[in-house]
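The structure under discussion appears below in the form of structure tokens.
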Amino acid sequence: MSDKQLNLDNIKLININNTNNNSLHKISQIIQNFNKLNILKEIEPTTQNINENFFEEDLSIVIDDLVDFYFKEVNEGKVERVRKQHVFDYINNHKLKLNEIYKWLLNNQNDSNSIYFLGYFNYHGIEVKVNKQRALEFYQKAANLGNIIAQHNLSSMYIDGEGVDKNYGKAFELSEKLAEKEYISGINMLGYCYYHGIGTDANMGKAFELYKKVADFGSSYGMFNLGYCYENGVGTSVDKNKAFELYQMAANLGDDFAQYNLALMYEKGNGTEKDMDKAIYWYKKSAEQGDEDALNKLKKLSCYCYEEGIGIDINLQKAFELYQKAADLGNSSGINNLGWCYEEGIGTDINIPKAFELYQKAADSENSYGLNNLGCCYDSGIGTNVNTQKAFELYLMAANLENKFAQFNLGVMYEIGNGIEKNKNQAIYWYKKSAKQGHENAVHKLDDLLDITHV
């Protein structure tokens, strides 16, 4: 599981029980973090004062319009960064100032929309520090008054445990009520509950039925989820061609998950003819929205194409730029991969101190690759003094996060007694863990230690 929050405004169908599926998009990609994953620079609202002729009843109308518009975009599957930008655009167009809006909301808690927006401001840290508990209180108050978007957000928070203990029963109950009223976001969330068994027994057929209903409404995330069902046989027969068509439709609507899966189908020739140019195109589109899996794909493909001389529009410099963008946004994988670029001179000059600094930053975010790479630095004296004990500790942390490279490195340390007392049994244990994840050198190590040809 990722350390990032689930944003169930745009729930994607993720099979958390099958991490070997190539089309699986990790939970970390669900997130549409308000401040971290917006690669495009956001336009801040104007600082102009509220027009003197703007009466309170007019501001009340603005709040109502904003809530209606925001909920419409939730149902359409617009990602959070786009919805946020549209909120700011609306405020700009009316020449309003955020701090004055917030003060007005505090003094005019007379209807559910105003109360909801107070929760919205607290949830996202607009004019106040982020306060999920306070946001929950406002959402609950608005929900009790029948506010639909507040009920939707409450269900999301109950699933993720933000500002409140996880409560799958309440999440399911709220989702079911919204779905009964034919709200698209509620239907989608209810499908998610049935797929994962949240507050109810898992029911793939019911999940498929609900996702199809969402897709029929023209929602991009419904199309994506339905595509996933067809690709993996969730509640229906496997149909790769149908999955491709649905991913294409959702990708054209700007869904970054669909763009990634569409690229993967082009790369593998799954449901369509293999086309590396189109795969690169859609990986780029997804990466531009902050998708770290797409960024990783571009890195691998850029290196491959560079070495093989394949004439496609991608290079190491572009990979470096993409990692820099992701790192600037606080993406731990982007930070780690940027460190790798500086260490190896990929798309930039070699800068070992910078690489070490970035690995440390990624490790501080508990990124398993950052932990492993930082361990390598301490193990070999890269950008710092050799400290095998520190290296061992870092490898162990990453290995426990199922990083196969760290598991291999830990096996080596146990085998030769580097930074830790020599222990053949422990070496075999960690080599096995790594080998099971496909690390070829770990397989060879086991062959040597166990004198066998297969794990």
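Using my numbering, you'd call the opening residue of the sequence shown number 19 and step up by one each time. Think of the CB as a built atom: it goes at the ideal place given N, C-alpha and C, for glycine as much as any other residue. These figures come from a predicted structure and were not determined experimentally.
Inset, instruction - Go to threonine 406, then tell me how far its alpha helix (DSSP H) extends in each direction, as first and last residue. - result: 406-418
Inset, instruction - Compute every distance between the C-beta of glycine 308 and the non-hydrogen atoms of the ligand COA, then say whether any falls below 7 angstroms. - result: Summarising the ligand content, the structure contains no ligands, and the ligand COA is consequently not present.
Inset, instruction - Buried or exposed for isoleucine 61, please, with buried defined as at least 16 other CB atoms from any protein chain shown within 10 angstroms of its CB. - result: Residue confidence for isoleucine 61 is low, a pLDDT of 31 falling below 50, so the modelled location carries little weight and cannot support an answer.
Legend entry - Close beta carbons around asparagine 385, own chain, < 8 angstroms, minus the five adjacent residues each side: Ser350, Ser351, Ile353, Asn354
Inset, instruction - Would you mind stating whether lysine 153 and serine 173 have Cβ atoms separated by less than 8 angstroms? - result: For clarity, residue 153 is alanine in the given sequence; the question names lysine instead. No. Outside cutoff.
Inset, instruction - Confirm, please, whether the CB-CB distance from asparagine 243 to tyrosine 265 is below 8 angstroms. - result: no
Legend entry - Proximal residues to methionine 222 (C-beta, below 6 angstroms), its chain only, five neighbours per side dropped: Val252, Gly253
Inset, instruction - Look at the alpha carbon of aspartate 178 and the alpha carbon of threonine 218, and state the distance between them as a whole number of angstroms. - result: 16 angstroms
Inset, instruction - Leaving out five residues on either side along the sequence, give the residues of the same chain with a beta carbon under 6 angstroms from the beta carbon of alanine 424. - result: Asn390, Tyr413, Ala416, Ala417
Legend entry - Neighbourhood of glycine 365 by C-beta distance below 6 angstroms, restricted to the same chain and skipping five residues each side: Leu334, Gln335, Ala337, Phe338, Cys359
Legend entry - Any 3 or more C-beta pairs closer than 8 angstroms across the segment 114-130 and the segment 87-95: no
Inset, instruction - Would you kindly check if the distance between the Cβ of tyrosine 134 and the Cβ of tyrosine 157 is under 8 angstroms? - result: yes
Inset, instruction - Enumerate in chain order the residues of its own chain whose CB-to-CB distance from lysine 224 is below 6 angstroms, with the five nearest sequence positions on each side excluded. - result: Tyr212
Legend entry - Identity of the residue in Asn140, Glu145, Tyr248 nearest glutamine 151 by Cα: Asn140
Legend entry - Proximity of methionine 294 and glutamate 285 at Cβ, strictly below 8 angstroms: yes
Legend entry - Outcome for lysine 463 when other beta-carbon atoms lying within 10 angstroms are tallied against a minimum of 16: buried
Legend entry - Segment limits, alpha helix (DSSP H) that includes lysine 450: 442-454
Legend entry - Local Cβ density within 10 Å of lysine 199, reported as buried at 16 or more and exposed below that: exposed
Legend entry - Segment limits, alpha helix (DSSP H) that includes glutamate 124: According to the sequence shown, residue 124 is leucine rather than glutamate. Note, leucine 124: alpha helix (DSSP H), 116-125.
Inset, instruction - Run through the segment 253-279 for me and flag every whole alpha helix (DSSP H) of 4 or more residues, listed as ranges in chain order. - result: 258-270
Inset, instruction - Measure the Cβ-Cβ separation of glutamate 145 and leucine 116 and say whether it is below 8 angstroms. - result: yes
Legend entry - Residue from Asp257, Asp382, Lys302 whose Cα sits closest to the Cα of asparagine 288: Asp257
Legend entry - Backbone CA spacing between alanine 168 and serine 238 [nearest angstrom]: 22 angstroms
Legend entry - alpha helix (DSSP H) runs wholly inside the segment 274-312, at least 4 long, in chain order: 274-286, 294-305
Legend entry - Per-residue DSSP class, three states only, for valine 85: helix
Inset, instruction - Within its chain, find whatever has a CB closer than 6 angstroms to the CB of asparagine 427; leave out the 5 residues flanking it on each side and keep chain order. - result: Tyr413
Legend entry - Buried versus exposed call for lysine 292 [16 or more other C-beta atoms within 10 Å across all chains shown]: exposed
Inset, instruction - Report, in whole angstroms, the separation of the C-beta atoms of leucine 208 and alanine 197, which I expect to be a contact under 8 angstroms. - result: 4 angstroms
Legend entry - Contacts around serine 250, its chain only, beta-carbon distance under 6 angstroms, and the 5 residues preceding and following it disregarded: Per the sequence shown, residue 250 should be read as asparagine rather than serine. Around asparagine 250: no qualifying Cβ.
Inset, instruction - Please report how far the alpha carbon of histidine 457 lies from the alpha carbon of asparagine 206, in whole angstroms. - result: 38 angstroms
Inset, instruction - Alpha carbon to alpha carbon, how far is histidine 214 from tyrosine 396? Give it in angstroms, no decimals. - result: 41 angstroms
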